[in-house]
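Counted from 1, the sequence shown has number 144 at position 144 by the working numbering; the numbering is strictly sequential. Heads up, the beta-carbon is just placed ideally off N, CA and C, and yes, glycines get one too.
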Amino acid sequence: MNFRMKCLAQTVFGLFPWGEEINYWAQRNLSGTLPPSRKRYEKKLAQALAHQEAFRKYGSREQGVVYEIGCGWHLAMALVFHSFGYPDIKALDVNPHVRAELVNSILGYMKEDHRIPKEAPLIGPDGDVQKILRDAYGIDLMVPGDSRSTGMQTESIDYIYSQEVFEHIAPELIPDILAECYRVLKRDGVISLYICYSDHYYDVDKSITPYHFYRYTETAWRKYNSPLHYVNRLRHVDFLRFFRQAGFKVVEETVSRPVNWQEQLSRFPICDDFASKYSMEELSITSARIVLKKCSR
Ligand SMILES: C[S@@+](CC[C@H](N)C(=O)[O-])C[C@H]1O[C@@H](n2cnc3c(N)ncnc32)[C@H](O)[C@@H]1O
1 MNFRMKCLAQ TVFGLFPWGE EINYWAQRNL SGTLPPSRKR YEKKLAQALA HQEAFRKYGS
61 REQGVVYEIG CGWHLAMALV FHSFGYPDIK ALDVNPHVRA ELVNSILGYM KEDHRIPKEA
121 PLIGPDGDVQ KILRDAYGID LMVPGDSRST GMQTESIDYI YSQEVFEHIA PELIPDILAE
181 CYRVLKRDGV ISLYICYSDH YYDVDKSITP YHFYRYTETA WRKYNSPLHY VNRLRHVDFL
241 RFFRQAGFKV VEETVSRPVN WQEQLSRFPI CDDFASKYSM EELSITSARI VLKKCSR
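In structure tokens, the structure reads:
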């Protein structure tokens, strides 16, 4: 699909108060990205395993209280964390995306894989989603929630993870979200983040590069940056500065970039907003896995 088509659809959906519902309908009936396929579930499982590996490597407890920022539509990662044996998972999202039928499709895959017993409850048509998630899966669903002010107790969380969320948060909110993470995280707690820095239209349009959005100034980009799929275009160095300012140290960092990044970055003129602010090496990073701990204060 041409990225302009996706952009147009999202801009139109975003104009309506029920834009989220239309977006959901379109994801089910047009793009086919929902309900999640088995392949998608397996991808989420692999991503959750990577976060758990970070917790095992840098944390002090085998299990502990977990907080997910941006749990999304189907809760795949929170449910997988339940199957890893974590007893208490706080799953927060600013949007109340969660849908029972999507959660059920993930539970179905987990049953097929024997990750949960086959008698584990699904969410019925009139089921209380919050109650079933809490009682059967140890998930405290916090939607809509405010990641700047979670209401959680100070130093009550062992592990925080977030997958492909921080690139969707407005820059001015990030310091307060990180300050809240600092407050709720235990002294020896661990944060594991995966941030995707690519132009997200590249997911649907392979005729562009993951760097496509560098051609647009902030003003020009506004028309492509639908509120339904907002991306902040911050670069990895910006996040490193935010983490440092919030009192965290990076204990592990894995950045990714395409092998031919130099050639891809030379295909079009990069606008001055990016060219004057970042080196080409900084611009080349398309995703990062970052593990944080608190600096001792
Ligand atoms: C691309 S989805 C990723 C969902 C999930 N982490 C996954 O990997 O399947 C991004 C999610 O981040 C959520 N989000 C955006 N800003 C947020 C914020 N300030 N606090 C919490 N969640 C946020 C969105 O509502 C959306 O559900």
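Whole-angstrom C-beta distance between residue j and residue i, which should lie under 8 Å
{"i": "residue 16", "j": "residue 48", "result": "In fact, because the Cβ distance is near 34 Å, the residues do not count as touching under 8 Å."}
{"i": "residue 111", "j": "residue 100", "result": "Wrong, their Cβ atoms sit about 16 Å apart, outside the cutoff."}
{"i": "residue 264", "j": "residue 216", "result": "Residue 264 to residue 216, Cβ: 16 Å. No contact."}
{"i": "residue 287", "j": "residue 197", "result": "6 Å"}
{"i": "residue 161", "j": "residue 79", "result": "Not confirmed; about 14 Å, so no contact."}
{"i": "residue 77", "j": "residue 44", "result": "5 Å"}
{"i": "residue 246", "j": "residue 182", "result": "6 Å"}
{"i": "residue 224", "j": "residue 7", "result": "5 Å"}
Distance between residue j and residue i (C-alpha atoms, nearest Å)
{"i": "residue 139", "j": "residue 34", "result": "22 Å"}
{"i": "residue 118", "j": "residue 157", "result": "30 Å"}
{"i": "residue 10", "j": "residue 67", "result": "30 Å"}
{"i": "residue 31", "j": "residue 262", "result": "32 Å"}
{"i": "residue 91", "j": "residue 147", "result": "11 Å"}
{"i": "residue 103", "j": "residue 126", "result": "14 Å"}
{"i": "residue 64", "j": "residue 87", "result": "7 Å"}
{"i": "residue 98", "j": "residue 73", "result": "4 Å"}
{"i": "residue 271", "j": "residue 282", "result": "15 Å"}
{"i": "residue 172", "j": "residue 229", "result": "17 Å"}
{"i": "residue 128", "j": "residue 168", "result": "29 Å"}
{"i": "residue 252", "j": "residue 291", "result": "5 Å"}
{"i": "residue 227", "j": "residue 149", "result": "22 Å"}
{"i": "residue 115", "j": "residue 42", "result": "12 Å"}
{"i": "residue 257", "j": "residue 124", "result": "43 Å"}
{"i": "residue 108", "j": "residue 29", "result": "21 Å"}
{"i": "residue 52", "j": "residue 60", "result": "13 Å"}
{"i": "residue 200", "j": "residue 240", "result": "21 Å"}
{"i": "residue 184", "j": "residue 191", "result": "11 Å"}
{"i": "residue 106", "j": "residue 269", "result": "43 Å"}
{"i": "residue 151", "j": "residue 206", "result": "42 Å"}
{"i": "residue 279", "j": "residue 238", "result": "13 Å"}
Cβ-based burial, residue i [other Cβ within 10 Å; buried from 16]
{"i": "residue 209", "result": "buried"}
{"i": "residue 277", "result": "exposed"}
{"i": "residue 295", "result": "exposed"}
{"i": "residue 235", "result": "buried"}
{"i": "residue 218", "result": "exposed"}
{"i": "residue 46", "result": "exposed"}
{"i": "residue 144", "result": "exposed"}
{"i": "residue 94", "result": "buried"}
{"i": "residue 21", "result": "exposed"}
{"i": "residue 163", "result": "buried"}
{"i": "residue 2", "result": "exposed"}
{"i": "residue 37", "result": "exposed"}
{"i": "residue 142", "result": "buried"}
{"i": "residue 85", "result": "exposed"}
Near ligand 1: residue i beta-carbon under 7 Å from a heavy atom
{"i": "residue 97", "result": "yes"}
{"i": "residue 76", "result": "yes"}
{"i": "residue 135", "result": "no"}
{"i": "residue 165", "result": "yes"}
{"i": "residue 207", "result": "no"}
{"i": "residue 177", "result": "yes"}
{"i": "residue 71", "result": "yes"}
{"i": "residue 93", "result": "yes"}
{"i": "residue 49", "result": "no"}
{"i": "residue 82", "result": "no"}
{"i": "residue 44", "result": "yes"}
{"i": "residue 168", "result": "yes"}
{"i": "residue 147", "result": "yes"}
{"i": "residue 173", "result": "yes"}
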